[in-house]
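The next block holds one structure in the form of structure tokens; read it before the comments.
Protein chains: 4
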Amino acid sequence: MSADTTRKLFLSDNAASVHPKLWEAMRAADEPDSPYDGDAVSQRLDAAFADLFGRECRVLWVATGTAANCLALSAMVPPHGGVVCHREAHIEMDEGGAPGFYLHGAKLMLAGGESAKLTPDTIRAVIDPIRDDVHQVQPHAISITQASEYGCSYNPSEIAAIAALAKERGLGLHMDGARFANACAFLGGSASDAAGEVDALSFGFVKNGGMSAEAIVFFDQGLADVALYRRKRAGHLQSKGRYLAAQILAMLGDDLWLHNARSANAAAQEIASVAQGRLMHPVEANEIFLRCTPEEREALRKQGFDFYDWGDDAARLVTAWNTPQEHASALANAIAGL
Amino acid sequence: MSADTTRKLFLSDNAASVHPKLWEAMRAADEPDSPYDGDAVSQRLDAAFADLFGRECRVLWVATGTAANCLALSAMVPPHGGVVCHREAHIEMDEGGAPGFYLHGAKLMLAGGESAKLTPDTIRAVIDPIRDDVHQVQPHAISITQASEYGCSYNPSEIAAIAALAKERGLGLHMDGARFANACAFLGGSASDAAGEVDALSFGFVKNGGMSAEAIVFFDQGLADVALYRRKRAGHLQSKGRYLAAQILAMLGDDLWLHNARSANAAAQEIASVAQGRLMHPVEANEIFLRCTPEEREALRKQGFDFYDWGDDAARLVTAWNTPQEHASALANAIAGL
Amino acid sequence: MSADTTRKLFLSDNAASVHPKLWEAMRAADEPDSPYDGDAVSQRLDAAFADLFGRECRVLWVATGTAANCLALSAMVPPHGGVVCHREAHIEMDEGGAPGFYLHGAKLMLAGGESAKLTPDTIRAVIDPIRDDVHQVQPHAISITQASEYGCSYNPSEIAAIAALAKERGLGLHMDGARFANACAFLGGSASDAAGEVDALSFGFVKNGGMSAEAIVFFDQGLADVALYRRKRAGHLQSKGRYLAAQILAMLGDDLWLHNARSANAAAQEIASVAQGRLMHPVEANEIFLRCTPEEREALRKQGFDFYDWGDDAARLVTAWNTPQEHASALANAIAGL
Amino acid sequence: MSADTTRKLFLSDNAASVHPKLWEAMRAADEPDSPYDGDAVSQRLDAAFADLFGRECRVLWVATGTAANCLALSAMVPPHGGVVCHREAHIEMDEGGAPGFYLHGAKLMLAGGESAKLTPDTIRAVIDPIRDDVHQVQPHAISITQASEYGCSYNPSEIAAIAALAKERGLGLHMDGARFANACAFLGGSASDAAGEVDALSFGFVKNGGMSAEAIVFFDQGLADVALYRRKRAGHLQSKGRYLAAQILAMLGDDLWLHNARSANAAAQEIASVAQGRLMHPVEANEIFLRCTPEEREALRKQGFDFYDWGDDAARLVTAWNTPQEHASALANAIAGL
């Protein structure tokens, strides 16, 4: 794809530009400081997230969501264990087998659920039939995605129900928050509510205006002790980590993360508002899965909109922190006119 | 460590500031483009390095040297195999067991050699006694470091001798080039000469004015086919990879990489020139290992110099691309005055 | 379970007694010989299986079917790859995650198919949607089970169709033959026909009157070169391997393996013949999956028959090489009388 | 090697014949029973070893010493950790990289010590220089070999000193007891004294008259919970495990294990008694490392003795449970006559 700036892009949020405040923050971190995560910026992360979530936590930066998810899970699950996740989960579908690598062959146990959201029932349907013997892999953790792979958000009571099941069965609980900000914005803005009682959260920034930094937030701090070693062992401990920490702190400052997400969500809502009959899933973040024919997609593309096909009969439209208001309005109009 | 700008820093090159041209290049890449490595900048890497080395190659960016080394080796060595490296090699001493992770338990086979450089003899001393049976791990590759962990450079004939041995024994040959630029500058400036006939090179930029990008250069292109999958699987395929590619291309442009390395090397030479009697190793890059007593180190620190102890009786002094000329001169004077 | 010899056992073939000829053969091997697989008995395996299959092969003994399956696959599939198997396959359901261990996190890709048998269509349904990019695990092999987990046998044309697909897609083909003998007996007795053009076969003996020996038969001999190292690395190279080789050769001698399997199959057929309306799957080996109520199962158990429940509404009945004729007849009568 | 019964074999104890009582015990176990380790014989192991050691333990059978060592260690050491062992340890030298496999890339940390025995000092020399940071692999366990690879036994106070260090540093302690029986016989016969306060012991039987069974004895019972899953996952859970359990119980009955070891040791002592000036190591088990020239070795072989060269200037002579008295005497005479 050439960088055709005359096109109106709804391909993904994962390649959008970096927010100016992050550039500023990175430049401000450009003085020499201690390497790895010993620098002054990285040292501020734990406290900043503790403030945000209202509880103690330990935070590790990494460059990608795949690394965040897999490092978090690797601290929860032994090689002979398993992780329950949705069959459409990113860790199952789109991480190139990274969980198999980071978890040393542990098994992903695939469950169902509307709009790529697990429920206690769909989890139980997977784990209850597992015989408690050595011939079958035993579950050790559950991983949920907030917002889900279909752009739907778990509300606090849904998370609480899953957390209760996890606790009852002695399972760790991980949240893939590649679009945590969008979920949080949708749910009303409380990070604590949007995370619930998870043990570890992959808090994404790259899709929300970041360049190269995600945060793994460990509420179960013992997990962080393990993950620190695993991060280095995975080659994810950057020597100039201060540039990652600077991005993250800039995001937390003045709730930029939430502001960015609200912008993306608002654009998505504008589009969704004209497309109710076509929506495959509720729009609860910044993704729209739209039923439309190949001809309709062609028509939209001719009007300058770029997006991905989603199978034969649908399109995926993703808004970003910097989607121009006029692009969203134009797309809404175009859809209304199909 | 606070960012005490009144101190004169010889701690490491791995936390130095980012070169202004890289900031420019990253900003120039801040338009939306295809994610991962599908962007226009990333797509130019293969050709740029082919120009530099004068032979075909395929190039993958990653964020760290540890990832570069281990991904390269993971494409050469099966889980049941082994890699010959120096017993002081970074992959053995300082990567937190990353080779064990990336190579799925393959074995590092530790050899000796002056100044952390392998020779055909020290390699043979390790591999010749290995019985050719299933009870002993068999070597599949050799890894050398250019410049070595003690700041010494392999000259072309030394590399050629090792490459010949590798070929004779059917072993892959990898070069850890975390300070490849410094070695190349020392050897006269030909990237091709400084790399020799290796199959894969971890070409470092972070220690040479980069922010977060290293290049794995595969001269054996079949290895790249595997490494592409392994990079994603390791969570090292960043979605906004264009910022990494931009750093690298900026480094290659106008030979900035070589210019930076020459600056660092020159500073090191100035210091070394007054310290010949104290040098533990020849200074052939940007590191100086200096015999000195605790009292002498204390004296240097009192004069404002920061550096690491190297055991009880020595210090490691590292210059960087941006070590101020006056700092190097001051340190030379201080050492001369000990 | 106590060894209640008054019970009539249809629990499994995997705990049956060892055939007397195997005891004889092991005792005959009780003279000192070279350790591992250097002994005279082990050295005869390749030729014995080449005779049986009518083509060159290399053969490794191991103690369990799980080890046989996973070692064979580990030679075909890189850690970043995948294996297509049936969702009810033993490697997926009953090996405690051994494929994840032996294949270093490679992925099992679960396909459907009647009676736990794959077809080209069910395989394509899994692999065709996989995007050819690094974000998704790519398939490297197919594993089929002969006879299947529901006691059904692939006929030669079914295997040929799968082998053709494997070849077309560049995938390895493995056969889990834990009950290969029973399949072969059902199909008419030709080992070559029952194996077809697979690259590697786990040829089971333990369920067929063996004690502790299975054979991995590599028709693709390059795979054996790798598996030899992997076997040792997995702790499966026994120092007194001659006792395993002796079991296997005794099985091949006078077609004992086929004779035993025919006995087991005949018992199964006698039972099946009275139960046509209750059969969940065709009886094409030595397993019968019988629809029956809890009350009916209770009635059978009261008559002295032991077997496993299969969910709420069925039973699994397995015959063995030494199932007494009168036990099979008695069970047939009991079922007929339900 | 052909089974030349006219030769006098001192090659190894690992290929000797199986003791008659074990054959009897296996035949006695030839009735159907529950599969895996659910049978009556396997169920008696915990109590039998608790009696022997005078403390609670849990016991798993496996087929090989390599599997025993690596499963035990895999329960103690996370993938990012390390195991201190002697540089001549079997796990380092002769297990084909199995620790790398079973421990998922954890690192063997090689220490010195006379006669392949570790001491607190040699252990500290390895672990004390390890920086307590994420860049270096941290030790999690120590593995010692009883008797050592050079046939030397740790006495109780030596084990106690190492155990104290392990406890002080929070490290697990494993004992490779491939020749534990010989060490125990040498030390006076108390299994408890010969094991000391280790957390897990690989108790070898195969070299002592067994066929295919070793015991992993877990004194730290939590480790057994993990190892049970790992054994299955490694394909080492045999379905007819009762034949392994039967071998082990037969060994424990009437102290057959100790009786066999005493026979082997006595033969070794007879040989050693004439060779004091030639011994490379004290003979404290059933191995003799004898300085001798190639000509002397040739002379011995001409007299009918088979054994392995040990480098250019030595021979390794191993006695077994069934080494004929007259063979030992003949060898002693032959050595005396060199």
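Chains as they are written, first to last, in our numbering: chain A, 161 to 498; chain B, 161 to 498; chain C, 161 to 498; chain D, 161 to 498. Every residue gets a Cβ at the ideal spot worked out from N, C-alpha and C, and that includes glycine.
Residues of its chain near I290/A, where Cβ-Cβ distance is below 6 Å and the 5 sequence neighbours each way are ignored: Q296
9 Å Cβ cutoff met for A235/A and A258/A: No, Cβ-Cβ distance for A235/A and A258/A is not below 9 Å.
Limits of the unbroken beta strand (DSSP E) element including A299/B: Contrary to the premise, residue 299/B reads as Pro rather than Ala in this sequence. Counting along the chain, P299/B sits inside the beta strand (DSSP E) bounded by residues 298-305.
6 Å Cβ shell around K168/B - same chain, five flanking residues per side excluded: G464, F465, H487
Proximal chain B residues relative to P239/C, where beta-carbon distance stays under 9 Å: S234, P239, H264, R390, R393
Beta-carbon separation (whole angstroms), A338/C vs G364/C, contact threshold 8 Å: The beta carbons of A338/C and G364/C sit about 4 Å from each other, so the pair counts as a contact at 8 Å.
R284/B versus A324/B - alpha carbon distance: 12 Å
Unbroken stretches of the beta strand (DSSP E), 3 residues or longer, contained in the stretch 167-250 of chain C: Qualifying beta strand (DSSP E) stretches, in chain order: 218-222, 241-246.
Proximity to F346/C [Cα-Cα], best of Q407/C, F379/C, Y389/C, S423/C: Per the C-alpha coordinates, the member of Q407/C, F379/C, Y389/C, S423/C positioned closest to F346/C is S423/C.
Proximity below 9 Å, CB of M158/D to CB of R451/D: Not covered by the structure: residue 158/D. The range shown for chain D is 161 to 498.
Entirely enclosed beta strand (DSSP E) segments - the stretch 388-454 of chain C, minimum 3 residues: Taking only runs of at least 3 residues, the beta strand (DSSP E) segments lying wholly in the stretch 388-454 of chain C are 447-451.
Contact under 9 Å by Cβ, A360/C with G401/C: no
Helix, strand or coil at G332/A [DSSP, three-state]: strand
Touch test, the stretch 214-227 of chain B against the stretch 369-378 of chain B, Cβ-Cβ under 8 Å, three pairs minimum: yes
Opening and closing residue of the beta strand (DSSP E) in which L347/D lies: Segment 340-347 is the alpha helix (DSSP H) holding L347/D; no beta strand (DSSP E) there.
Residue environment, G241/A, which counts as buried when at least 16 other CB atoms sit within 10 Å: buried
Contact residues within the stretch 267-293 of chain C, judged by C-beta distance below 7 Å to chain A: Of all residues in the stretch 267-293 of chain C, K267 have a Cβ within less than 7 Å of some Cβ in chain A.
Whether G370/C touches L182/C by CB criterion (9 Å): Cβ atoms of G370/C and L182/C: closer than 9 Å.
Check whether P280/A and A321/A have beta carbons under 9 Å apart: yes
Opening and closing residue of the alpha helix (DSSP H) in which I290/D lies: Looking at the DSSP string, I290/D is not in any alpha helix (DSSP H), and its letter there is neither H nor E.
C-beta neighbour in chain D for Q298/A, strict 9 Å: yes
Chain C contact for A428/B (CB, 9 Å cutoff): no
Chain A contact for G260/B (CB, 9 Å cutoff): yes
Cutoff 9 Å: L383/D Cβ touching any chain C Cβ: no
Cβ-based burial, S317/B [other Cβ within 10 Å; buried from 16]: exposed
Where M253/A sits in the DSSP three-state scheme: It is helical.
Residue-chain proximity (V555/A, chain D), Cβ-Cβ < 9 Å: In the structure as shown, chain A starts at 161 and stops at 498, and residue 555/A therefore has no counterpart that could be examined.
8 Å contact criterion, which K327/B and S308/B should meet: CB distance rounded: That belief does not hold up - the Cβ atoms of K327/B and S308/B are roughly 22 Å apart, past 8 Å.
Contacting positions in the stretch 443-472 of chain A - beta carbon closer than 8 Å to chain B: none
Which of helix, strand or coil DSSP assigns to V358/B: Correct three-state label for V358/B: coil.
Residue range of the alpha helix (DSSP H) that includes I486/A: In the sequence under discussion, the amino acid at residue 486/A is Glu, which differs from the Ile named in the question. In the DSSP annotation of this structure, the continuous segment of the alpha helix (DSSP H) that includes E486/A starts and ends at 485-496.
Within chain C, partners of H295/B - CB distance below 9 Å: Y196, K392, L397
Closer than 9 Å to chain B by CB, T224/A: yes
C-beta atoms of L231/D and I251/D nearer than 9 Å: no
Presumed contact (8 Å Cβ cut-off) between A341/C and W417/C, rounded CB distance: 5 Å
Assigned secondary structure, E374/C (DSSP; H/G/I helix, E/B strand, else coil): strand
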